[in-house]
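One structure is given below, encoded as structure tokens.
In our numbering, the protein residues as written are 25 to 440.
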């Protein structure tokens with residue numbers, strides 16, 4: 025621990041006015057540099073956390089944590105399978121689905137799409153499609169009424185609105201008096217949803233009733249598989265292993281991580297790299313303290329010599345200048361944390377205001393996954409940034425402080 029005398033003198037040196045104003049200027053610049061580096065790093069990481077949160081929320085609202093399908097293509101007797109998975113404590117709910125790739129045609133426009141046949145009441149326990157509806161209601165899907173709910177971008181491309189009748193063409197074929205014909209059926213648009221992510225849900229997905237999908241795809245009472253909701257989405261791989269050990273060898277279990285795990289890993293890697301890159305700003309600002317303290321040591325040579333003649337040890341002299349430089353780092357870090365938190369809490373509103381005033385759009389929904397700048401502060405990030413800033417500041421003080429402790433008092437006082 026620092027002795028009270030070293031602490032007292034270190035504080036006096038920090039507060040005292042210097043004859044050389046350039047030293048004070050460099051000291052202030054170092055403090056401002058540290059504060060700016062800390063603020064920028066907190067803000068950038070908070071924005072990246074916000075992006076990560078928004079994308080995960082939007083993906084999890086549309087993609088089930090677990091999907092059970094069959095290597096045979098379709099699952100027979102899905103009701104029995106549903107009863108089996110219901111006995112697993114981690115499984116909250118399950119819902120059957122029948123999916124197929126189709127072409128949608130309306131008014132001369134043709135668009136590829138993925139059609140998902142669902143049971144509306146059971147699907148509500150799996151995904152958040154019902155809350156994503158901008159027109160119509162998920163419960164409006166009724167069997168044998170051949171209604172369809174389209175993604176917003178898909179409906180725009182087809183120029184179809186609620187009430188319009190579109191034609192669904194499947195890859196399956198059927199025999200007719202004129203030969204082999206693709207299977208098709210007219211459906212009525214009863215709703216439009218907006219998932220809002222950049223993974224193609226709005227542009228290539230449609231929902232119909234399960235019974236209508238079974239008839240359209242010609243699969244009888246079979247389904248493509250079951251969607252499962254579980255208590256902890258991040259435990260999906262572990263739950264998948266437990267399920268696989270209890271189900272038939274023909275069952276195939278996929279998780280959300282199989283589909284999007286690499287993407288989120290890339291986002292996390294980008295955040296880590298950004299942390300280290302921006303940390304260099306703090307490091308450069310902190311090491312400005314070296315030049316500041318070296319000049320202070322040169323200015324205070326006579327004071328150091330007098331202290332040594334009064335019995336001050338080299339360690340005490342070293343502590344004095346470590347305290348002085350450390351205080352610059354502490355205040356720079358403190359101001360940086362305050363500024364970073366203030367900016368991170370208000371960056372969304374600030375960017376929205378800039379976009380409104382200057383009539384610009386920084387994030388277009390057609391390009392980015394999120395069309396606004398989200399922010400989420402993680403206190404562990406703030407703690408890591410603060411510790412790193414203080415560490416660099418402390419390291420920067422060691423050489424000047426050691427140099428001060430090695431001054432020869434006789435030589436320093438010879439020309440005084």
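Virtual Cβ for every residue (Gly too), placed ideally from N, Cα, C.
Between residue 160 and residue 216, the alpha-carbon positions lie close to 7 Å from each other. Counting only runs of at least 4 residues, the region 311-384 fully encloses the following alpha helix (DSSP H) elements, listed from N- to C-terminal order: 325-333 and 338-382. When C-beta atoms of the region 73-88 are compared with those of the region 243-262, three or more pairs fall below 8 Å, so the two segments count as touching. Residue 386 is a Cβ neighbour of residue 375, given a cutoff of 8 Å. Taking the Cβ atoms as the reference, residue 401 lies roughly 5 Å from residue 70, within the contact range of under 8 Å. At a cut-off of 4 residues, the continuous stretches assigned as alpha helix (DSSP H) that sit fully inside the region 84-167 are 102-110 and 144-147. When 162, 158 and 157 are compared, the shortest CA-CA separation from residue 147 is found for 162.
Here DSSP, grouped into helix, strand and coil, assigns residue 169 to coil.
Secondary structure remark: continuous alpha helix (DSSP H) runs of at least 4 residues inside the region 251-302, in chain order: 260-270.
DSSP links residue 243 through a beta bridge to no other residue.
In the DSSP secondary-structure assignment, residue 408 is not bridged to any residue.
Approximately 5 Å separates the beta-carbon atoms of residue 156 and residue 219; this is inside 8 Å, confirming the contact. In summary, residue 133 is exposed, with fewer than 16 beta-carbon neighbours lying within 10 Å of its beta-carbon over all protein chains present. The beta-carbon distance between residue 93 and residue 248, rounded to whole angstroms, is 6 Å. This is short enough to meet the 8 Å contact definition.
Judged by DSSP in its simplified three-state form, residue 174 adopts strand. Membership of residue 231 in the beta strand (DSSP E) is indicated by the continuous run 229-233.
Rounded to the nearest angstrom, the gap between the Cα atoms of residue 369 and residue 310 is 26 Å.
In its chain, beyond the 5 residues on either side, 58, 310, 313, 349, 350, 352, 353, 354, 356 and 357 have a beta carbon closer than 8 Å to the beta carbon of residue 417. Nearest in C-alpha terms to residue 84, of all of 409, 149, 405 and 50, is 149.
In this structure, the beta-carbon distance from residue 213 to residue 165 does not fall below 8 Å. Distances from the alpha-carbon of residue 409 to those of 241, 397 and 306 put 306 closest.
Assignment of residue 196 by DSSP, reduced to helix, strand and coil, places it in the strand class.
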